[in-house]
Every structure is written in C-alpha cells, then in structure tokens.
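What follows is a single structure, written as structure tokens, with notes after it.
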Amino acid sequence: MKVTVWLAEGTWRACVDAVSTLGPELEITLLHVADDDVGDAMRFAYHGLLSRHGHDPADTVDPVAVPAERALLDDAKARLGRECAVRVRHGHVEREVVAACADADVLVCARDGERGHAGPKSLGHHTRFVVDHAPCAVLLVWPG
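According to full-length UniProt numbering, the sequence shown is numbered sequentially starting from 1.
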C-alpha cells in the first residue's frame with residue numbers, strides 16, 4: 001500500500017506520528033509543497049508599489065526557504081524512524097498535493113483550521129480543497 005504524508009508547517013508531526021504506528025509493509029512518501037505565491041507576492045508588490053530600482057526582496061526567500069524545507073524533511077524522516085521516499089513540489093499547494101497523491105492509496109494530512117471545533121472550520125482552505133479532490137482515501141488527523 002502506498003501512503004503519501006503531506007508535511008505542512010505546524011501539523012507535520014501529527015501526520016508522521018499517525019503513519020509511524022501503521023504496518024511495516026507500507027510504501028511511505030513524505031511530501032512537502034513550497035508555496036510559490038509567497039515569493040511572487042513579494043515580487044509583484046515590489047515591482048508594482050516600490051518600483052524596480054534596487055534589490056528585489058523576493059530574492060531573499062529562497063536562501064531561507066530551502067534550508068528550512070530541508071530541515072523539516074530531515075526532522076520528519078528522523079521522527080518516522082524508517083525508510084521512506086521524499087518528494088518536494090512547488091506551486092499552488094492544494095493542487096500540488098492532489099497531483100502528488102495520484103498514485104497513492106492513502107493520503108495522510110492534518111486539520112489546520114480552528115482547532116477548538118470539529119467540522120468544516122477545522123480545515124483550512126488548502127486542506128479543504130485536498131480533502132474534496134484527493135484521488136485516494138484520506139486519513140485526516142488532529143494536530144497535537
């Protein structure tokens with residue numbers, strides 16, 4: 001069985017913990033999606049509001065984001081404590097997650113909305129889209 005674990009900042013530990021209790025016969029893939037909208041928003045604001053002169057602040061995102069992403073993936077692999085594949089994608093988070101789990105049997109993700117309430121508000125925008133469009137079964141866990 002192929003299991004994809006979506007690692008999102010703030011909720012990834014709960015997802016990894018949920019998978020670590022499952023059987024050893026699983027093929028586990030840890031997935032992180034970098035949202036390109038952050039750098040694009042900075043770049044468009046800089047060009048549109050502040051003109052094109054000087055240093056583009058969006059150029060400072062990658063030197064910080066790449067090591068942070070690598071650290072997250074390394075921490076997740078260590079927490080899982082077993083062999084797994086790692087995939088990194090870039091783009092619109094929700095669409096990239098759905099595309100990445102096209103060949104998976106199960107997607108593991110966490111609730112990322114209002115933690116005090118069960119129901120629709122316990123899912124953030126990206127997670128709601130993923131739950132609604134995933135081409136496989138979804139294991140939805142509570143963080144913490």
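Even for Gly, the Cβ is constructed at its ideal location relative to N, Cα and C.
Within the same chain, 4, 101, 134, 136 and 138 come within 6 Å of residue 107 by CB-CB distance, once the 5 residues on both sides are set aside. For the set 110, 1 and 99, the Cα lying nearest the Cα of residue 127 is the one of 110. Under the three-state reduction of DSSP, residue 142 is assigned to coil, being neither helix nor strand. For residue 128, the enclosing alpha helix (DSSP H) begins and ends at 125–133. Under the DSSP assignment, residue 35 falls outside any alpha helix (DSSP H), being part of the beta strand (DSSP E) whose first and last residues are 27–35.
DSSP, reduced to helix, strand and coil, places residue 118 outside both helices and strands of the structure shown, so it counts as coil. The shortest CA-to-CA distance from residue 142 to any of 103, 13 and 85 is the one to 13. By the Cβ test, the region 67–82 is not in contact with the region 111–118, since fewer than three Cβ pairs between them sit closer than 8 Å.
Residue 118 and residue 125 have their C-alpha atoms some 15 Å from each other. For residue 109, the secondary structure class from DSSP, reduced to helix, strand or coil, is strand.
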